[in-house]
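Quick note on numbering: the working numbering labels position 12 of the sequence shown as 652, and the sequence is numbered without any gaps. One structure is given below, encoded as structure tokens.
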Amino acid sequence: MSTMVSPNKKETELSALPEFTPALAKELEPLYRRVASVIPEFEWPVYARYIKAINDLKRERGAIVLAHNYMTPEIFNCVADFSGDSLQLAKLAAQADADIIVQAGVHFMAETSKILSPEKTVLIPDERAGCSLAASITGEDVRQLKAKYPGVPVVTYVNTSADVKAESDICCTSSNAVQVVESLGVDEVILLPDEFLAKNVATMTDVEIITWKGRCEVHEQFTTEDIDELRDANPGLLVLAHPECPPEVMAAADYAGSTSDMSNYVKKEQPEKVALITECSMSDNVAVENPDVEFIRPCNLCPHMKRITLENILHSLQTLTVEVNVDPAVAEKARLAVQRMVDLPLRKVSGPKFRTQQPLAHVEYAAL
Ligand code: 13P
Ligand code: SF4
641 MSTMVSPNKK ETELSALPEF TPALAKELEP LYRRVASVIP EFEWPVYARY
691 IKAINDLKRE RGAIVLAHNY MTPEIFNCVA DFSGDSLQLA KLAAQADADI
741 IVQAGVHFMA ETSKILSPEK TVLIPDERAG CSLAASITGE DVRQLKAKYP
791 GVPVVTYVNT SADVKAESDI CCTSSNAVQV VESLGVDEVI LLPDEFLAKN
841 VATMTDVEII TWKGRCEVHE QFTTEDIDEL RDANPGLLVL AHPECPPEVM
891 AAADYAGSTS DMSNYVKKEQ PEKVALITEC SMSDNVAVEN PDVEFIRPCN
941 LCPHMKRITL ENILHSLQTL TVEVNVDPAV AEKARLAVQR MVDLPLRKVS
991 GPKFRTQQPL AHVEYAAL
């Protein structure tokens, strides 16, 4: 279920919003019909007032909202102009015909948008929306690694700061990591900073991988016991996992892929019952589009993603804050790494095979 708009901001702001009149209820009815299965009716009048204010102000300002798949359903379905996984959002930011982008996601996503679109104003509604992976490594760490492993190319997950991207040869996301690693035509790469993504990639390629001890605080919590319990309680359950999960969890799943890969898989396969081993809002958002599928919800919340609310999206549009800027010299170097990834032709490599299939002997941890 969705999280209610936090009541911590002053009532004056609420009173400044359009009233929830019968006319507004009618205007937004198609949107409510879309989310009715995941947003209780009693919560809708408050959401509707914010949604109306945000959508009007977006038009007035020529702004768009880019939303990650982990946004709560009222954001994802009712104010987002575009939504997707990290790779799709990076591409959309570059292509978007708008002067102002409000990034409904975490800080590294807003930085990536700014790196690809330096001329646009990129706003993040709460600049504290970080990521445990991005926080696990600095640009200086990467410089030291390059000195220790001279000539070994550095592949960096997009869940990193601009400083880290600037020290990298190419970026990757969970939907293209194997493809990116193999595109370099080398025997060994440094793949940073997610140790589990690195190990999961290693099950699908012969390239030797040196990695880092970064972890997603949301996905590292899932265990094979969780999956066994779910299967025992729900015969016939289809289990989908994100590649930031530990390798043994991936091995226990039926399918693995990025957030959008999982969503597309459910849309195509229409399983009777599915469990998405990932962040909580995913199930709400995928459920909206798949009314005939039953969702079993063993989820973990990402506290960073959940910092973004309708309330602070509106505030961001009203005040044009918080603007995300990247030092132009850093951005220029980081852009090369992101652009190399964006320019790779799309080849689907995640899927049922993106699971532990061979020993993980060719992964080592980088030591400084
Ligand atoms: P995706 O690229 O799969 O959307 O993942 C981003 C993320 O932060 C997952 O935790
Ligand atoms: Fe970072 Fe994990 Fe949150 Fe994604 S879910 S933003 S990887 S902490």
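Backbone N, C-alpha and C define an ideal beta-carbon position, used for all residues, glycine too. Just so it is clear, the structure is predicted and the values come from calculations on it, not from any experiment.
So is the beta-carbon of residue i under 8 Å away from any non-hydrogen atom of the ligand SF4?
{"i": "Leu831", "result": "no"}
{"i": "Tyr1011", "result": "In the structure as shown, the chain starts at 641 and stops at 1008, and residue 1011 therefore has no counterpart that could be examined."}
{"i": "Cys939", "result": "no"}
{"i": "Leu773", "result": "yes"}
{"i": "Cys942", "result": "yes"}
{"i": "Glu751", "result": "no"}
{"i": "Val746", "result": "yes"}
{"i": "Met890", "result": "no"}
{"i": "Glu884", "result": "yes"}
Any idea if residue i is buried or exposed, counting beta-carbon neighbours within 10 angstroms, 16 or more meaning buried?
{"i": "Asp739", "result": "exposed"}
{"i": "Glu807", "result": "buried"}
{"i": "Lys666", "result": "exposed"}
{"i": "Ala915", "result": "buried"}
{"i": "Thr796", "result": "buried"}
{"i": "Arg768", "result": "exposed"}
{"i": "Ala838", "result": "buried"}
{"i": "Ala1007", "result": "exposed"}
{"i": "Pro790", "result": "exposed"}
{"i": "Asp846", "result": "exposed"}
{"i": "Glu865", "result": "exposed"}
{"i": "Ala656", "result": "exposed"}
{"i": "Glu919", "result": "buried"}
{"i": "Gly897", "result": "buried"}
{"i": "Lys908", "result": "exposed"}
{"i": "Gln997", "result": "Note that Gln997 has pLDDT 48, beneath the 50 cutoff, so the model's placement of it is unreliable and no number is given."}
{"i": "Phe682", "result": "exposed"}
Under the criterion of a Cβ to heavy atom distance below 8 Å, does residue i qualify as lining the ligand 13P?
{"i": "Cys856", "result": "yes"}
{"i": "Leu727", "result": "yes"}
{"i": "Cys920", "result": "no"}
{"i": "Lys859", "result": "Looking at the sequence provided, one finds His at residue 859 rather than Lys. Yes, the ligand 13P has a heavy atom inside 8 Å of this Cβ."}
{"i": "Asn952", "result": "no"}
{"i": "Thr813", "result": "yes"}
{"i": "Ser723", "result": "no"}
Considering residue i, what are the terminal residues of the beta strand (DSSP E) in which it resides?
{"i": "Gln861", "result": "Looking at the DSSP string, Gln861 is not in any beta strand (DSSP E), and its letter there is neither H nor E."}
{"i": "Tyr797", "result": "794-797"}
{"i": "Lys853", "result": "Unbroken run through Lys853: none, as it is neither H nor E."}
{"i": "Lys913", "result": "913-917"}
{"i": "Ile741", "result": "740-744"}
{"i": "Cys812", "result": "810-812"}
{"i": "Leu880", "result": "878-881"}
{"i": "Tyr1005", "result": "1003-1005"}
{"i": "Leu773", "result": "Here Leu773 belongs to no beta strand (DSSP E), and DSSP marks it neither H nor E."}
{"i": "Val675", "result": "Counting along the chain, Val675 falls outside any beta strand (DSSP E), though it belongs to the alpha helix (DSSP H) covering 669-675."}
{"i": "Val762", "result": "761-763"}
Can you tell me where the alpha helix (DSSP H) with residue i in it begins and where it stops?
{"i": "Thr805", "result": "According to the sequence shown, residue 805 is Lys rather than Thr. Note, Lys805: alpha helix (DSSP H), 802-806."}
{"i": "Ser903", "result": "899-909"}
{"i": "Tyr690", "result": "684-701"}
{"i": "Leu954", "result": "950-959"}
{"i": "Gly779", "result": "779-788"}
{"i": "Val818", "result": "817-823"}
{"i": "Val841", "result": "835-842"}
{"i": "Ser726", "result": "726-735"}
{"i": "Leu976", "result": "968-983"}
Output the distance between the C-alpha atoms of residue i and residue j, rounded to the nearest integer angstrom.
{"i": "Ala842", "j": "Ile917", "result": "20 Å"}
{"i": "Arg871", "j": "Pro911", "result": "14 Å"}
{"i": "Ile691", "j": "Arg674", "result": "14 Å"}
{"i": "Val926", "j": "Ala744", "result": "17 Å"}
{"i": "Leu954", "j": "Glu714", "result": "13 Å"}
{"i": "Ser923", "j": "Tyr895", "result": "15 Å"}
{"i": "Thr863", "j": "Pro833", "result": "21 Å"}
{"i": "Asn965", "j": "Pro931", "result": "40 Å"}
{"i": "Ala663", "j": "Ala676", "result": "19 Å"}
{"i": "Trp852", "j": "Ala736", "result": "34 Å"}
{"i": "Leu763", "j": "Leu950", "result": "14 Å"}
{"i": "Thr652", "j": "Leu773", "result": "Any reading at Thr652 is ruled out, since the residue's pLDDT is 44, under 50, leaving its predicted position unreliable."}
{"i": "Thr829", "j": "Phe748", "result": "Per the sequence shown, the amino acid found at residue 829 is Val instead of Thr. Approximately 23 Å between the Cα atoms of the pair."}
{"i": "Thr778", "j": "Gln979", "result": "21 Å"}
{"i": "Thr752", "j": "Leu831", "result": "18 Å"}
{"i": "His1012", "j": "Ala891", "result": "With the chain represented from 641 up to 1008, any question about residue 1012 goes unanswered, as that position is not in the structure."}
{"i": "Pro985", "j": "Gln819", "result": "10 Å"}
{"i": "Gly724", "j": "Ala873", "result": "31 Å"}
{"i": "Leu706", "j": "Asn695", "result": "13 Å"}
{"i": "Leu756", "j": "Gly854", "result": "25 Å"}
{"i": "Arg701", "j": "Glu929", "result": "30 Å"}
{"i": "His1002", "j": "Leu668", "result": "54 Å"}
Is there a Cβ of chain D sitting closer than 9 Å to that of residue i, yes or no?
{"i": "Pro765", "result": "Here chain D cannot be found, since the structure has a single protein chain."}
Going by the C-beta, is residue i closer than 8 Å to any heavy atom of the ligand MG?
{"i": "Asn799", "result": "The ligand MG is not part of this structure, which contains only the ligand 13P and the ligand SF4."}
Discussion item. Would the segment 805-820 count as touching the segment 864-884 if we require 3 or more Cβ pairs under 8 Å?
Written reply: In short, these stretches touch, since the Cβ pair count reaches three.
Discussion item. Any contact between the segment 958-974 and the segment 718-725? By contact I mean 3 or more CB pairs, one from each, below 8 Å.
Written reply: The segment 958-974 is not in contact with the segment 718-725.
Worksheet entry | Inter-stretch contact (C-beta, 8 Å, three-pair minimum) for the segment 931-950 and the segment 777-789 | Cβ pair count under 8 Å is below three, so no.
Worksheet item: Do the segment 755-771 and the segment 819-833 touch if we need at least three Cβ pairs shorter than 8 Å?
Response: Because the criterion of three Cβ pairs below 8 Å is not met, the segment 755-771 and the segment 819-833 do not touch.
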